Structures are given as structure tokens and as C-alpha cells.
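When you read off a place in the sequence shown, starting at 1, and then add 181, the result is the number in my numbering. We put the beta carbon where it would ideally sit given N, CA and C, even for glycine. Bear in mind that the values here come from a model prediction, so they are computed numbers and not experimental data. Written below as C-alpha cells is the structure these notes are about.
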Amino acid sequence: MTTQTLSPSPVYQGQFGEFTINQSDRTGVIIYRAGLMVAALSFAAGTVLALFYNNPATIQAITPLYTCFSLALGVSLLTIHIYMAPLHRLLQVFWLIGSISAFIFAHVDSQPFAVTVYTNPLTILGIGFTFAALTGIYFKEAFCFNRLETKVLTFTVPLLLLGHLVGVLSIQLEQILLGVWATLFLVFALRKTFQAIPADIGDKSVFAYLKAQSSAKV
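So, in C-alpha cells, the structure goes:
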């Protein structure tokens with residue numbers, strides 16, 4: 182009988198010491214990326230319906246697509262690795278506020294959700310928190326990995342939402358910005374699937390150090 186030995190996990194040198202990456206870490210990254218992919222596909226599908234198939238039936242279909250997008254984003258926000266725990270929690274709170282707002286707007290108006298949001302720009306003050314959380318992910322990815330698409334998205338999303346809120350953008354420009362957003366979101370999600378998993382885990386010694394510091398203060 183032959184005995185098969187498992188190769189040990191690689192040991193990485195972090196800022197505050199050595200660390201290894203286990204299967205739980207890898208699973209978390211896979212879930213994070215899967216959430217981004219589902220969110221990007223749902224957002225892209227909703228954008229296509231809004232821009233090219235603008236009729237009552239398709240506009241109504243945007244509501245479940247938005248729900249899928251929001252839930253998938255929530256999953257990614259649960260599993261994303263961010264060194265600053267307060268910032269991580271803030272993004273999750275933003276997502277929760279935006280999700281509650283979307284639920285309310287979808288049920289207090291008889292019009293389709295997309296129509297309600299588009300014709301009532303002030304709703305962005307509620308659902309905009311969801312997109313603030315998404316922009317936080319874009320910013321984190323741009324800062325950590327210097328990705329061009331996330332750099333562009335970090336400015337495109339606020340520009341579109343705030344521009345629509347105050348009414349300074351033409352319909353044509355809003356459509357262009359929405360198309361750019363959906364396209365680059367897909368590019369971002371697709372590129373993440375080819376990125377080495379350890380990169381998304383980051384330096385675990387930093388997490389351990391920050392946790393120890395927080396425990397010491399308590």
C-alpha cells in the first residue's frame with residue numbers, strides 16, 4: 182500500500198510575520214468573486230433591457246434582476262478582504278440601507294421599480310447607498326491592484342447617480358455612462374476570475390495584527 186502525502190501549504194512572509202492560506206480562505210475568495218460575477222451579469226442584463234428593450238414587460242423584468250444584483254453584492258461584501266474593519270462594516274451598512282430603501286420603493290409605488298427610480302431622482306438618496314458600497318469595492322480594487330476599469334468606475338458611478346439626482350445630465354449622456362458602467366463592471370468581474378487567489382486574501386499577518394491591537398484595547 183502506498184501512502185500519499187499532502188504537500189504543505191506555502192508559507193508567506195507578511196508585514197507582521199509569516200502566514201499560510203487555508204481552504205477556508207480560498208473558499209471565501211471564490212464566493213467573493215462569484216458574487217461579483219452574478220452582480221455584474223444581473224446589472225448588465227438590466228442595463229440591456231433598459232437601453233434597448235424599453236417596453237412595459239422588459240422594464241418590469243428589471244426588478245428581479247436588481248434583486249439578484251443586490252443580493253450577490255451583499256454576498257461579496259460579506260466575503261471581501263479589507264484590512265480596515267470599520268470600513269468593511271461601513272460598506273455593509275451602506276448596502277443594508279440601500280437594500281431596505283429599494284424594498285420600500287418597490288412596494289410603495291405601483292410603477293415598476295426602474296420607472297420609480299428614474300422618474301423620482303430623490304430615491305437615489307436611499308438606493309444610492311447600495312452603489313456607494315459597490316463604489317467602495319471598485320476603489321479598493323483600484324487601490325490594491327491598479328486596475329484601469331475600477332479606476333474609471335470609481336468616478337463613473339458617482340457621476341451618473343449624482344448627475345441624475347440634480348438633473349444636470351442629458352438622457353444621452355446618462356445612457357452612455359450606464360453602458361460604460363455595465364461594460365466595465367463585466368470586464369472587472371471577468372478579470373477577477375483569472376487573478377491568483379492569494380492576491381485577494383492579502384497579508385493575513387496584517388489582519389492578525391489589527392485583531393490583536395483591537396483585543397488589547399478592549
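Within the region 231-267, the runs of alpha helix (DSSP H) at least 4 residues long that lie entirely inside it are, in chain order, 237-260. Annotation for R372: the continuous alpha helix (DSSP H) segment containing it runs 352-373. Contact check for F275 against A363 fails: the beta carbons are separated by 7 angstroms or more. Ranked by Cα distance from F312, the first of F286, T300, F324, L341 is L341. Cβ-Cβ separation between L367 and A226: approximately 10 angstroms, too far for a contact (criterion under 8 angstroms).
Taking the CA atoms as reference points, L334 sits about 24 angstroms from I240. Setting aside the 5 residues that flank it on each side, T228 is surrounded in the same chain by L359, G360, A363, each with a C-beta closer than 7 angstroms to its C-beta; the list follows chain order. Between I318 and S282, the C-beta gap is not smaller than 7 angstroms, which leaves the two residues out of contact. Judged by pairs of C-beta atoms under 8 angstroms, the region 260-280 touches the region 200-217, as three or more such pairs exist.
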